[in-house]
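Sequences listed follow chains V, R and G, in order.
Using UniProt numbering, the first residue of the first sequence is number 1, and each one after it goes up by one.
Using UniProt numbering, the first residue of the second sequence is number 1, and each one after it goes up by one.
Using UniProt numbering, the first residue of the third sequence is number 1, and each one after it goes up by one.
Just so it is clear, CB atoms sit at the ideal spot from N, CA and C, and this is done for glycine as well.
Heads up: the structure comes next, in structure tokens.
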Amino acid sequence: MSDQDRDNPRREFLRKSLTLIPVVTLASTGLGSSVLQAAPETAPAAAAPLPAPAGVNAYQPSFFTAEEWAFINAAVAQLIPNDAQGPGALEAGVPEYIDRQMNTPYAAGALWYMQGPFNADAAPEMGWQSKLVPKDIYRLGIAATDQWAKALNGKTFAEQDSATRDDLLKQLEAGKPQFDAVPAKIFFNLLLQNTKEGFFCDPIHGGNKGMVGWTMIGFPGARADFMDWVERNEQYPFPAVSIRGERA
Amino acid sequence: MKNFVIATLALLGSGALHAAEVDQTLIKQGEYLARAGDCVACHTGKGGKPFAGGLPMETPIGTIYSTNITPDKTGLGDYSFDDFDQAVRHGVAKNGDTLYPAMPYPSYARVSEADMKALYAYFMHGVEPVAQDNKASDIPWPLSMRWPLMGWRWLFAPKVEDYKATSDDPVIERGAYLVEGLGHCGACHTPRALTMQEKSLSAADGSEFLAGSAPLEGWIAKSLRGDHKDGLGSWSEEQLVQFLKTGRSDRSAVFGGMSDVVTHSMQYMSDGDLTAIARYLKSLPANDPNDQPHQYDEKVAKALWNGDDSHRGASVYIDNCAACHRTDGHGYTRVFPALAGNPVLQTDDATSLIHIVLKGGTLPATHTAPSTFTMPGFAWRLSDQEVADVVSFIRGSWGNKGAPVSAKDVAGLRTDDMKTTSGDDLGQVTGHN
Amino acid sequence: MATVMKKVDAVIVGFGWTGAIMAKELTEAGLNVLALERGPMQDTYPDGNYPQVIDELTYSVRKKLFQDISKETVTIRHSVNDVALPNRQLGAFLPGNGVGGAGLHWSGVHFRVDPIELRMRSHYEERYGKSFIPKDMTIQDFGVSYEELEPFFDFAEKVFGTSGQAWTVKGQLVGQGKGGNPYAPDRSNPFPLEAQKNTVSAQLFGKAAGEVGYKPYNLPSANTSGPYTNPYGAQMGPCNFCGFCSGYVCYMYSKASPNVNILPALKPLPNFELRPNSHVLRVNLDSTKTKATGVTYIDGQGREIEQPADLVILGAFQLHNVRLMLLSGIGKPYDPISGEGVVGRNFAYQNMATIKAFFDKDTHTNNFIGAGGNGVAIDDFNADNFDHGPHGFVGGSPMWVNQAGSRPIAGTSNPPGTPTWGSAWKRATADYYTHQVSMDAHGAHQSYRGNYLDLDPVYRDAYGLPLLRMTFDWQENDIKMNRFMVEKMGKIAEAMGPKAIAVVGKKVGEHFNTAAYQTTHLNGGAIMGTDPKTSALNRYLQSWDVHNVFVPGASAFPQGLGYNPTGLVAALTYWSAKAIREQYLKNPGPLVQA
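In structure tokens, the structure reads:
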């Protein structure tokens with residue numbers, strides 16, 4: 001898919017609509033992009049809801065607001081795009097994965113030592129010293145990023161074109177914008193970490209739908225038996241399998 | 001042993017009997033024989049005290065409950081030796097009722113008078129008395145009437161007489177005594193007639209003796225005869241001894257109903273008695289006149305080695321079973337059983353194999369083999385069709401000669417605890433447990 | 001008020017390797033033994049159930065089997081001039097939790113020890129002179145020799161079902177050309193199991209190392225090369241290189257663990273009890289402070305329980321053993337300014353470096369295949385197998401390919417310069433995930449006057465007790481050694497002919513990074529030795545100060561080894577247990593006169 005295709009305005013429109021009509025979310029199975037590009041022909045705007053393609057499971061976020069959901073969908077699509085290499089984070093269901101993670105003890109910081117006093121400005125080699133937990137970081141980081149994006153040209157992050165979004169993400173990664181509530185770098189690193197988790201985790205956690213992440217790199221998944229293959233300088237032949245037993 | 005001391009003290013305290021007067025060797029012998037008969041298995045309720053009864057047993061006409069056989073007055077407390085003998089070897093309770101043949105008195109008829117005395121000594125003086133009233137059966141009238149059982153008993157129970165040798169080999173003779181008598185192996189391993197009696201009660205009694213049963217609580221008690229395909233033809237005497245003693249042999253592991261037999265009974269047998277049992281079983285000829293040893297066929301193993309899993313069931317096997325049982329079907333010695341040539345998988349009725357694929361099983365710890373190994377159940381992960389495919393694959397690969405099965409065969413065996421699930425409940429990341 | 005339980009002969013704090021070994025040995029001696037484990041009960045079934053355990057997110061990423069640091073962690077600072085901060089997320093090291101401890105989640109590299117490392121100071125002084133050892137380096141001798149420990153190494157290997165290839169057995173050469181290690185000390189027996197197979201990565205490393213002129217050997221591994229039954233009758237399955245080893249419960253029963261190799265033999269014993277969810281707060285001492293009366297712990301319902309015992313074994317992880325001694329007042333705390341005191345002294349780590357070599361698509365390293373203890377190594381730069389004289393540093397490092405299984409979330413790596421996201425990242429990850437070799441220099445780490453452990457003055461655990469404080473940083477000797485090892489290992493990597501190489505080594509002036517995983521091989525703090533002024537324990541791991549307290553574990557190492565510590569931890573525990581059984585129980589009191 002060319003960059004032009006990715007910036008198809010119809011698709012941009014749809015992406016924005018997603019925040020309001022999550023039923024056509026991209027965060028579904030591997031049908032993502034083609035379904036959405038076909039959508040305008042089969043379902044004119046404001047017409048009856050799209051018939052859900054077989055196997056598409058419309059995910060309703062339970063943690064993220066509509067605005068935040070638009071951000072997550074737009075951001076993960078830049079971090080792991082759908083491209084010549086194959087499906088990306090949206091097709092893998094990464095937004096669903098991240099939303100589901102927000103309801104786990106991890107997102108509340110319950111797996112970490114969180115007693116004060118905190119020294120958030122400690123050197124990076126001292127590890128995590130922030131009082132913020134993942135839920136806070138998403139909430140504060142998305143709001144700060146959207147505000148920052150709007151200050152540039154009046155559009156939220158999700159409303160920017162692809163090239164701009166890439167640029168904004170690079171600046172976040174470098175810690176350029178100075179947000180009051182949350183360091184941009186911390187926000188970016190968490191987002192990138194969770195995006196990769198959602199792309200490569202077992203589908204049981206809501207991401208890696210169709211095992212697209214595993215298939216891309218040749219990871220066999222939950223089979224975990226290589227007695228016949230240890231010494232062989234050959235490509236491993238069997239497709240990925242999930243904990244549930246689905247095969248890619 | 002601790003229980004025994006307590007029991008003895010309790011008896012002394014009650015003044016019922018002076019344990020000191022009872023021959024301790026006889027009590028020990030009786031304890032050993034009670035293990036051989038696995039009395040505890042049926043006469044102990046789930047989570048209940050040993051020998052106090054109350055274990056429900058499903059029968060075609062309703063549920064019956066095993067009885068209290070502790071020396072309390074609710075149990076055998078006021079049983080004389082003759083009362084005890086009438087019940088165990090003749091199937092007649094103290095009140096004159098005929099026992100339901102869930103009590104294997106047709107087999108126990110073989111037990112010697114001397115062993116009966118030892119058993120009596122043990123149950124009177126070696127078992128802790130437990131006050132627990134027997135539970136009435138749930139069998140509705142008129143089926144609850146016991147008098148027809150009397151007729152059954154007259155028709156099918158053998159005459160009680162001291163066991164007479166039929167073999168010249170004293171080891172085989174001892175084995176026959178244990179297998180046909182207290183061991184009551186035929187209760188599960190011999191097919192039953194419509195009238196529920198075992199079709200034969202001894203090796204001399206016909207080729208159906210220990211020829212394998214119809215499914216019982218979801219498991220097949222397989223043939224113990226000399227057939228290679230589905231009997232014990234491929235097992236050596238030593239492997240049998242190991243199996244009975246530890247629940248495992250080089251190529252097999254106990255599962256299903258036999259697990260309890262090993263845990264509660266067989267592991268306590270002396271090596272001499274286990275050898276006797278094994279040698280006797282190995283003396284039973286094959287029933288199939290065309291019986292042949294298993295011929296390993298390497299076709300399947302080669303295909304899987306080359307990455308070809310296109311054969312029916314092969315992909316399910318690769319994704320679920322091969323890790324432990326290997327692509328060559330040989331498993332791993334003493335740990336994960338071999339599937340190639342394993343007779344328990346090639347029975348005409350595939351119930352056992354389907355059941356273990358669905359439910360899994362745990363190899364029990366025994367005194368001389370303390371490790372347990374658990375095969376997880378795959379019911380939640382596999383559809384009926386997938387189970388049928390993989391069971392058919394196993395029954396037909398590596399030279400195995402079991403017939404394929406259908407998804408319907410699998411569906412019929414699924415109970416509430418063996419349903420397919422989404423697996424969503426398994427994906428809860430809770431961090432620290 | 002604490003509930004007081006019935007007294008036991010011996011109470012063991014922690015049920016990892018040392019706790020399990022001690023429980024087995026002491027029950028064999030006829031003692032009533034109670035093991036208190038602060039984490040939950042866990043075992044192959046159900047915790048390692050196939051395929052649910054094949055879940056990278058839950059185990060490696062969310063760290064299910066590791067210590068629950070929300071309740072208790074350590075604080076860390078680089079020097080006495082800094083304010084220590086808590087280790088809020090598990091990072092550089094991953095202590096275990098629950099029944100089996102770190103022995104359930106470990107990898108299984110199962111070495112003995114290079115004999116000179118047991119007499120580190122004496123050896124260096126003899127060969128290089130006293131002044132060769134830097135002034136603030138506090139390395140010392142263990143106080144026990146390889147010859148004394150050999151029978152215990154041998155027995156531990158039999159218990160663990162270790163796979164490997166001997167070089168010599170009773171002086172007879174048996175391992176030449178078969179994967180034996182020519183630098184390995186003599187053995188009384190071959191390994192219980194033959195060496196495991198070699199992955200393609202290990203084959204490439206072995207070939208390249210040989211071409212450069214080194215002597216490759218098969219790593220001794222407590223992942224089985226075949227089915228095995230140990231002296232306790234406990235059985236193991238064979239390792240099938242599932243790639244979910246370190247951080248996971250082994251579903252194949254093939255990675256040695258207290259749960260698989262020892263617990264089955266303990267379970268039926270009437271004189272053994274294991275109480276999980278029992279968090280020990282302190283060892284209780286009598287009024288003389290020279291004798292322990294038992295321990296106090298918090299049970300699963302939060303009740304405070306006092307457990308009297310005649311003998312107390314501290315078998316917790318290295319950090320926790322040291323902390324329990326400090327919290328209980330056993331031994332004098334170490335003071336880095338005066339250099340006096342012993343508890344907390346000689347805290348040391350391991351000095352790691354990693355090189356990754358990236359290949360074309362015709363080299364299939366299939367990095368998802370792996371076994372935690374498996375690999376090919378060289379010892380040409382380990383211990384004192386080369387002349388340190390010209391290089392001016394103390395310590396050595398084995399180098400190896402130890403392909404334990406790389407999983408996609410945390411285990412993908414790309415050539416230097418590859419972006420971390422976007423299409424370029426995607427392409428590189430797809431191109432290289434199954435075509436790369438990762439090799440490590442697993443360096444020894446020395447002890448220094450300024451690296452030590454004490455109690456933190458600010459931060460507390462969930463029970464209100466002070467956290468352990470780690471004062472630790474890399475020293476000049478460490479950086480020098482690390483750079484030397486990287487250069488040597490780089491030659492091997494280049495000999496493989498890769499497309500690209502990535503190096504992770506230490507830079508001059510680099511500080512200890514608490515966030516990046518390095519290794520869980522923490523050592524010292526409650527060290528063994530021959531002098532009560534410089535060691536907390538005597539050579540039998542008995543506290544110099546409180547004679548009925550024994551403290552097995554890597555906390556007893558006076559400095560870090562080149563090899564992985566578990567083999568020496570196990571051997572020392574059997575050595576200590578023998579002293580308890582044959583000497584202490586007959587005549588309770590100090591086994592060595594101070």
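Asked                                                                                                                                                                    : Found
Step through the CB atoms of chain V and report whether any lies within less than 8 Å of the CB of P86 of chain G.                                                       : yes
To the nearest angstrom, how far is it from the Cα of F118 of chain V to the Cα of E68 of chain V?                                                                       : 28 Å
Apart from the five residues just before and just after D114 of chain G, which ones in its own chain have a Cβ nearer than 6 Å to its Cβ?                                : A383
With 8 Å set as the bound, which would you pick, yes or no: does the beta-carbon of L168 of chain V sit closer than that to a beta-carbon of chain G?                    : no
Give me the chain V residues within the contact set of L57 of chain G, using Cβ-Cβ distance strictly less than 7 Å, ordered along the chain.                             : E197, C201, D202, H205
So, do the segment 31 to 38 of chain G and the segment 232 to 248 of chain G have three or more beta carbon pairs nearer to each other than 8 Å?                         : no
Chain G partners of E125 of chain V, CB-CB under 9 Å?                                                                                                                    : H78, E510, H511, F512, N513, T514, A515, A516
Of all the residues that make up the segment 232 to 251 of chain G, which are near chain V by a beta-carbon distance shorter than 7 Å?                                   : N240, F241, C242, G243, F244
For L285 of chain G, which residues of its own chain have a beta-carbon under 8 Å away from its beta-carbon, when the five flanking residues on both sides are left out? : K291, A292, T293, S328, G329, I330, V546
May I have a chain-ordered list of the alpha helix (DSSP H) segments no shorter than 4 residues that lie completely inside the segment 138 to 186 of chain G?            : 146 to 160
Between V:Y59, V:F63, V:V94, V:K150, which lies nearest to V212 of chain V when the distance is taken from Cα to Cα?                                                     : V:V94
For K419 of chain R, does the three-state DSSP call read helix, strand or coil?                                                                                          : coil
With a cut-off of 8 Å on the beta carbons, I'd call G30 of chain R and H43 of chain R a contact; round off their distance for me.                                        : In fact, because the Cβ distance is near 14 Å, the residues do not count as touching under 8 Å.
Would you say L190 of chain V reaches chain G, if we count a Cβ-Cβ gap shorter than 8 Å as a contact?                                                                    : no
Between F209 of chain R and T190 of chain R, what straight-line distance do the alpha-carbon atoms span, to the nearest angstrom?                                        : 5 Å
When we look at the beta-carbon of V80 of chain G and count the other beta-carbons within 10 Å, is it buried (16 or more) or exposed?                                    : exposed
Which partner residues does Y217 of chain G have in the DSSP bridge list?                                                                                                : G:A377
How would you call R10 of chain V, buried or exposed, if buried means at least 16 neighbouring beta carbons within 10 angstroms?                                         : Because R10 of chain V sits at a pLDDT of 37, beneath the cut-off of 50, its placement in the model cannot be relied upon, and the point is left open.
S438 of chain G by DSSP, collapsed to three states: which one?                                                                                                           : strand
Please say whether F191 of chain G and E147 of chain G have beta carbons closer to each other than 8 Å?                                                                  : no
Am I right that I116 of chain G and H123 of chain G are in contact with their C-beta atoms under 8 Å? What's the rounded C-beta distance?                                : 4 Å
Would you list, in chain order, the members of the segment 180 to 192 of chain G that have their beta-carbon closer than 7 Å to a beta-carbon of chain V?                : none
Specify the secondary structure class of G341 of chain R as computed by DSSP and reduced to three states.                                                                : coil
Have a look at the DSSP bridge pairing and note the partners of P466 of chain G.                                                                                         : G:R460
Would you say M227 of chain V faces chain R, with C-beta separation under 8 Å as the test?                                                                               : yes
Does the Cβ of P87 of chain V have 16 or more other Cβ atoms within 10 Å, making it buried, or fewer, making it exposed?                                                 : buried
In chain order, what are the residue ranges of uninterrupted alpha helix (DSSP H) at least 4 long that sit wholly in the segment 388 to 414 of chain R?                  : 407 to 411
Could you tell me whether the Cβ of F63 of chain V comes closer than 8 Å to any Cβ of chain G?                                                                           : no
With 7 Å as the C-beta to C-beta threshold (strictly closer), list the residues of the segment 121 to 152 of chain G near chain V in chain order.                        : none
Quick check on residue 629 of chain G: buried or exposed, where buried means 16 or more other Cβ atoms within 10 Å of its Cβ?                                            : Residue 629 of chain G is absent from the structure shown; chain G starts at 1 and stops at 594.
Can you give the Cα-Cα distance for A102 of chain R and G91 of chain R, rounded to whole angstroms?                                                                      : 10 Å
Whole angstroms are fine: how far does the CA of S392 of chain R sit from the CA of Q385 of chain R?                                                                     : 10 Å
Provide the residue span of the beta strand (DSSP E) that contains F373 of chain R, from first to last.                                                                  : 373 to 375
Measuring CB to CB, does Y334 of chain G end up less than 8 Å from R323 of chain G?                                                                                      : no
State yes or no: is the beta carbon of Y138 of chain V nearer than 8 Å to at least one beta carbon in chain G?                                                           : no
Output yes or no for whether 8 Å exceeds the beta carbon distance between F347 of chain G and L453 of chain G.                                                           : yes
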